[in-house]
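Worksheet: the structure to be examined is printed underneath.
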Amino acid sequence: DLPYIYAITPTYTRLEQKAELTRLSQTLLHIPNFHWIVIEDATTKTELVTKFLKNSGLNYTHLNALTPKHYKLEEKDPNWLKPRGVLQRNAGLEWIVTNQNSKSNGVIYFMDDDNTYSLKLFDEIRFTEKVSVWPVGLSGGLRFESPIVTNNEVTNWFVFWKPERPFPMDMAGFAINLKFFLQYPEARFSLRVQRGYQESTLLSQLHVKLNDLEPKANDCKEILVWHTRTEKTKLKNEDKLKLKYGHGSD
Ligand code: UDP
Ligand code: MN
6 DLPYIYAITP TYTRLEQKAE LTRLSQTLLH IPNFHWIVIE DATTKTELVT KFLKNSGLNY
66 THLNALTPKH YKLEEKDPNW LKPRGVLQRN AGLEWIVTNQ NSKSNGVIYF MDDDNTYSLK
126 LFDEIRFTEK VSVWPVGLSG GLRFESPIVT NNEVTNWFVF WKPERPFPMD MAGFAINLKF
186 FLQYPEARFS LRVQRGYQES TLLSQLHVKL NDLEPKANDC KEILVWHTRT EKTKLKNEDK
246 LKLKYGHGSD
C-alpha cells in the first residue's frame, strides 16, 4: 500500500487564516493517503477551524496548543526570537507517537499554513527511509536554499544564513519516516533554541548524519515548495466606511 503522509500544520487566528487554510486544503485534497494534523495556537479549538475541517473533505485530526505569552528566560540566554509553531508541532508529534505504531507505513512532514506546495513533492517524499531533503524556494534571503548533492548524496548546503547549523534548512525542506521517528519517540522541537535552530534541534535528536539524508526533487534540482508569506491585510477603510454609513455594515 501507498505509505501515508502525516502532515503537521500549526495555525493561528488572524484575518488571512481562512484564506490560507482554503488554499492549502485544496492542494491537500489532491493527495492520496494523506492525514492532516492541524494544531491551533489557541486555548481552545475555534469554531472557524472546527467547521472548516469538518467541511474540508480531508482526513484530519484537530488539536490545539497555546504558545505562552512569555517564556521564563535565564540571564545568560542568547537572543531568542519568539518561535512560531513550536508547541503546535510538538503536539502533532505527540499525537503521532500516541496514535501510530511501528506497523504504520508513512512519513511526517511539517507544513506551515502559508507555504505553496507542488503535488509532485508528495509523490516523492512519501518514500522516505529515514530523512529526505530538497530545496525550498524563496527562503533565507535567496531565490532558494538547497542541499548540495554529489553522486546522489548530500555533501553540503547552499545557504547564506547561519550555514554552521547542523541542518541549515527550512521546516518545509525535509520529511521523516514514521517508523524511523518512532525509534526516537521523545524527539521534539524546543522553545529554547536560537533562531533558525528548530530543524537542527529535532534532526540532531534522530542521530542522522549528512550522508543519511535522501535527496528528493530530482537530486535537489527542482523547486517543489516555496516559503511564500502573505502580506498583512490593512483594514484602513473599515472605520471610515462605518462613519459614512453608520454601523449598518457590521
Ligand atoms: N504560527 C502559529 N502561531 C503564531 C505564529 C505562527 O501557530 O503565533 C504558525 C503559522 O500559522 C505557520 C507556522 O506557525 O503555520 C509558521 O509561522 P509563520 O508562517 O508566521 O512563520 P514564517 O513564515 O515567518 O517563518
Ligand atoms: Mn510562513
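Residue numbers (my numbering): 6 to 255. The beta carbon of each residue, even a glycine, is placed where N, CA and C say it ideally should be. Nothing here was measured: the structure is a model prediction, and the numbers come from that model.
Pairwise C-alpha distance: residue j and residue i
{"i": "Val154", "j": "Phe186", "result": "24 angstroms"}
{"i": "His35", "j": "Leu248", "result": "45 angstroms"}
{"i": "Gln105", "j": "Phe115", "result": "17 angstroms"}
{"i": "Phe127", "j": "Trp231", "result": "14 angstroms"}
{"i": "Ile44", "j": "His67", "result": "6 angstroms"}
{"i": "Ser254", "j": "Asn182", "result": "With a pLDDT of 49 at Ser254, under the threshold of 50, the modelled position of this residue cannot be trusted, and the question is left open."}
{"i": "Thr235", "j": "Glu21", "result": "8 angstroms"}
{"i": "Asp244", "j": "Arg19", "result": "18 angstroms"}
{"i": "Ile113", "j": "Tyr250", "result": "51 angstroms"}
{"i": "Asn60", "j": "Thr238", "result": "25 angstroms"}
Three-state secondary structure (DSSP) of residue i
{"i": "Pro15", "result": "strand"}
{"i": "Asn104", "result": "helix"}
{"i": "Ser209", "result": "helix"}
{"i": "Ser254", "result": "Model confidence at Ser254 stands at a pLDDT of 49, short of 50, so the residue's coordinates are unreliable and nothing is read from them."}
{"i": "Val327", "result": "Coverage of the chain is limited to positions 6 through 255, which leaves residue 327 absent and any answer about it impossible."}
{"i": "Val91", "result": "helix"}
{"i": "Ser137", "result": "strand"}
{"i": "Val164", "result": "coil"}
{"i": "Leu98", "result": "helix"}
{"i": "Thr194", "result": "Per the sequence shown, residue 194 should be read as Phe rather than Thr. Three-state result, Phe194: coil."}
{"i": "Ala180", "result": "strand"}
{"i": "Phe132", "result": "coil"}
{"i": "Glu219", "result": "strand"}
{"i": "Phe185", "result": "helix"}
{"i": "Ser151", "result": "strand"}
{"i": "Glu169", "result": "coil"}
{"i": "Thr121", "result": "strand"}
The ligand UDP heavy atom lying under 6 angstroms from the CB of residue i
{"i": "Arg131", "result": "no"}
{"i": "Gln93", "result": "yes"}
{"i": "Thr16", "result": "yes"}
{"i": "Gly201", "result": "no"}
{"i": "Arg170", "result": "no"}
{"i": "Thr90", "result": "In the sequence under discussion, the amino acid at residue 90 is Gly, which differs from the Thr named in the question. The answer is yes for Gly90."}
{"i": "Asp128", "result": "no"}
{"i": "Asp256", "result": "Residue numbering for the chain in the displayed model covers 6 to 255; residue 256 lies beyond these limits and cannot be assessed."}
Check: residue i C-beta below 6 angstroms from any heavy atom of the ligand MN
{"i": "Arg234", "result": "yes"}
{"i": "Asp217", "result": "no"}
{"i": "Asp117", "result": "yes"}
CB contact flag (residue i, residue j, <7 angstroms)
{"i": "Trp139", "j": "Ala222", "result": "yes"}
{"i": "Thr233", "j": "Thr121", "result": "yes"}
{"i": "Glu219", "j": "Ser109", "result": "no"}
{"i": "Ile42", "j": "Gly111", "result": "no"}
{"i": "Phe172", "j": "Leu208", "result": "yes"}
{"i": "Asn64", "j": "His40", "result": "yes"}
{"i": "Asp46", "j": "Thr72", "result": "yes"}
{"i": "Leu229", "j": "Ser144", "result": "no"}
{"i": "Ile130", "j": "Ala180", "result": "yes"}
Proximal residues to residue i (C-beta, below 8 angstroms), its chain only, five neighbours per side dropped
{"i": "Gln4", "result": "This structure gives no information on residue 4, because the portion of the chain shown stretches from 6 to 255."}
{"i": "His212", "result": "Tyr189"}
Sequence-distant residues of its chain with Cβ nearer than 7 angstroms to residue i (five each side left out)
{"i": "Gly146", "result": "Phe165, Trp166"}
{"i": "Leu26", "result": "Thr16, Phe57, Asp118"}
{"i": "Thr206", "result": "Phe194, Ser195, Val198"}
{"i": "Gln62", "result": "First, the amino acid is wrong: residue 62 is Gly here, not Gln. These residues qualify, in order along the chain: Leu34."}
{"i": "Pro168", "result": "Trp162"}
Own chain residues within Cβ distance below 6 angstroms of residue i, not counting five before or after
{"i": "Glu216", "result": "What sits at residue 216 in the sequence shown is Asn, not Glu. Answer for Asn216: Glu158, listed in chain order."}
{"i": "Lys23", "result": "none"}
{"i": "Asp6", "result": "none"}
{"i": "Val91", "result": "Phe194, Leu196"}
{"i": "Ser151", "result": "Pro140, Phe163, Cys225"}
Heavy atom of the ligand GDP within 6 angstroms of residue i beta-carbon
{"i": "Asp244", "result": "The ligand GDP is not among the ligands present in this structure, which contains only the ligand UDP and the ligand MN."}
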